[in-house]
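All remarks here apply to the structure that follows.
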Amino acid sequence: MPARCGPAGQAAGVHPYRRHEGTKLVVNNAVESTARGSAARRRFLIRLTVVVSGGMFIDGYVLGIVGTVIGAISTELDMSVYGEGLVGASALIGIFAGGPLGGWLADKFGRKPMFTIDLGIFVVGSVLQFVVDSSWQLFAVRLLMGVAIGAEYSIGWPLMAEFAPARLRGRCMSFAEVAWYIGFVMAFVVGYVLTTAHSADWRVVLGTSTLPAVVLFVGRLGMPESPRWLMSKGRTEEAERIADAWIEDGADRADITGEQQRRGTFGMLFSARHWRATAFISLFWFCTVTPYFAIATFSASVLAQYGLGEDGLAGAIGVNGVALAGVVVSCLLIDRLGRRKLIIPQQWVCAVVLVIIGLWTSAPPLVVLSCFLVFAFANAMCTALTGVYPGEVLPTEIRGLGTGFATAVSRVGAALGTFLFPWSMTDLGAGPTMLVAAAVCVVGAAVSQVMAPETVGRALHEISAPGGR
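The sequence shown begins at 104 in the working numbering and counts up by one.
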């Protein structure tokens, strides 16, 4: 029997607005579901940014904290000026090995497992700092921690690049450098308080890195694998599922499908297709961090030598605080102004102020301090991009390895600067030492002027494609 219909053609017994209300309910549920999904993706991006940046915080903390107690360590362990420099550079030497190793492992076995394993190694090394009683033990422990930190660079930054939306990628990745400087400044503050107010043993001061490391280790549990890495390994369905769940922008999800199945090798870094990108990120990073590590690690003694306080520690906190402000400015502007405007002028400024310090050896302390503050601010602005560029200009199959290689090259410079700086200040003098640092900045500025690409807002697959840069 046919259904009875009312004047509007609705079946008998059906309220004329009931169907409309049902449709509206379905639409509203879909909108709410989409909104919940978008909110979950944003929360995930925030969490990922925090746990990646947390690794950089620990790196800055570990490299900074040793500068606050190096004098006490040298006295108790009866170290020479060379031994002092070696302990100061031990973590940097470890990073040199850990960067390429961690990158190779991350490209081969995935970002997810290595993201947790390397931090577990760091926690072990951090705890061992409480019980060292010789310079060689301290060197070995901090070398192990450096290996884990090096792996952190070549695992965390690629993972961040592969999840972050193109419109926010620069900010998300450069925030890791903000965290690095926060860790570095925090190390000087903690070291200052513990050594001056509480006369804490240097082992306790160094071992304070254990607490943030344990918290970060727990926070990383349960993170997903990179969908780009999965796609490059032919695990398409899994990659698409993770991308749909955690990547908000449709264009970014579509870009992932352009990933090709290729096995990454070390030789690819120097192939005709990628050598320019490899050379740029390595040289830029080297020239940016070498003078900073040399000056910042021993900034307390440097400023004291220029007449800025008995120990210069308060001034060192100020210099590193200004550096933190510089990297924050870059983080806020990077996706608006672009990359090149934040690295090229700043490196020339660094060279100029170091030349002033180097040539004007009798400058008033206020002038010297002002120059150091300008150097710290400008250097930090371009340092914010040292981790951004490797994640952008290299393809997925060698993104970890290439980031690790650039990390290793940069740490050669940082280790050399940290190791040779005490000798140079003692045997050559402050003026020539600053001029050498200025020359390094000039090289970095020239390299960036010629080779730095503009990558703001562009899809990863587009940038790393042949001719994409």
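Backbone N, C-alpha and C define an ideal beta-carbon position, used for all residues, glycine too.
key: Where the alpha helix (DSSP H) containing H564 begins and where it ends   = 563-567
inquiry  = With a threshold of 6 Å on Cβ separation, who are the neighbours of M182 within its own chain once the five nearest residues in sequence on each side are excluded?
reply    = S238
message = Any heavy atom of the ligand NAP closer than 6 Å to the beta-carbon of F387?
response = With respect to small molecules bound, the structure shown includes none, and the ligand NAP cannot be examined in it.
ask   = By how many angstroms is the C-alpha of A426 removed from the C-alpha of L241?
value = 28 Å
key: Alpha-carbon to alpha-carbon, L333 and D210   = 10 Å
ask   = Is the beta carbon of S156 sitting closer than 7 Å to the one on F278?
value = Contact: yes.
inquiry  = At the level of alpha carbons, what is the spacing between S551 and V318?
reply    = 37 Å
inquiry  = Assuming G191 and I173 are in contact, meaning their beta carbons sit under 8 Å apart, how far apart are those beta carbons, in whole angstroms?
reply    = Contact between G191 and I173 is confirmed by a C-beta separation of about 6 Å, below the 8 Å threshold.
CB-CB length for A254 against L204, believed under 8 Å = 7 Å
request  = Have a look at I345 and S329 and give me their C-alpha separation to the nearest angstrom.
outcome  = 8 Å
query = With 16 as the cutoff for other CB atoms within 10 Å, does T171 come out buried or exposed?
reply = Here T171 is buried, its C-beta having at least 16 other C-beta atoms within 10 Å.
ask   = For C474, which residues of its own chain have a beta-carbon under 6 Å away from its beta-carbon, when the five flanking residues on both sides are left out?
value = Contacts found: V456, I459, I460.
Beta-carbon proximity list for G249, same chain, < 7 Å, skipping 5 on both sides = S193, A194, L195, I196, G197, I198, G201
inquiry  = Just to confirm the assignment: which complete alpha helix (DSSP H) runs, minimum length 4, are found wholly within the segment 524-554?
reply    = 533-554
ask   = Would G367 pass as a contact of I220 if the rule is Cβ separation under 7 Å?
value = Not in contact: G367 and I220 (Cβ atoms no closer than 7 Å).
inquiry  = DSSP three-state label for G367, please.
reply    = coil
Per-residue DSSP class, three states only, for E557 = coil
inquiry  = Output needed for W305: all residues of its chain with C-beta closer than 6 Å, excluding positions within five of it in sequence on either side, in chain order.
reply    = V172, A175, I176
query = Secondary structure at F396, three-state DSSP: helix, strand or coil?
reply = helix
inquiry  = Please classify T467 as buried or exposed, where buried requires at least 16 neighbouring CB atoms within 10 angstroms.
reply    = Per the sequence shown, the amino acid found at residue 467 is Pro instead of Thr. By the 16-neighbour rule on beta-carbons within 10 angstroms, P467 is exposed.
request  = Compare the C-alpha of I398 against each of A479, C434, D530, G163 and name the closest.
outcome  = A479
ask   = Taking DSSP as the reference, what is the three-state secondary structure of A329?
value = With the sequence shown as reference, residue 329 is identified as Ser, and Ala is not the correct amino acid for it. It is coil, neither helix nor strand.
message = Would R144 and E351 qualify as a contact pair, given that the criterion is a beta-carbon distance under 7 Å?
response = Yes; because the gap between Cβ atoms is below 7 Å, this pair is in contact.
request  = Excluding the 5 residues preceding and the 5 following V244 in the sequence, name in chain order all residues of the same chain whose CB lies nearer than 7 Å to its CB.
outcome  = G228, L231, Q232, V235
key: Rounded straight-line distance, which links the Cα of A483 to that of P596   = As displayed, the chain neither begins before 104 nor continues past 572, which places residue 596 out of reach and without an answer.
Delimiting residues of the alpha helix (DSSP H) encompassing K211 = 184-212
message = Suppose contacts are defined by Cβ-Cβ distances below 7 Å. Is V165 in contact with S312 by that definition?
response = yes
query = Can you tell me where the alpha helix (DSSP H) with E495 in it begins and where it stops?
reply = 491-496
message = Taking the alpha carbon of T152 as the reference point, which residue from V471, P261, A348, C485 has its own alpha carbon closest?
response = That would be P261, whose Cα lies nearest to the Cα of T152.
ask   = Between A348 and Q450, which are expected to be in contact by the criterion C-beta below 8 Å, what is the C-beta distance as a whole number of angstroms?
value = By a beta-carbon distance limit of 8 Å, A348 does not contact Q450. Their separation comes to about 41 Å.
inquiry  = If I follow the unbroken alpha helix (DSSP H) through T339, where does it start and stop?
reply    = 339-349
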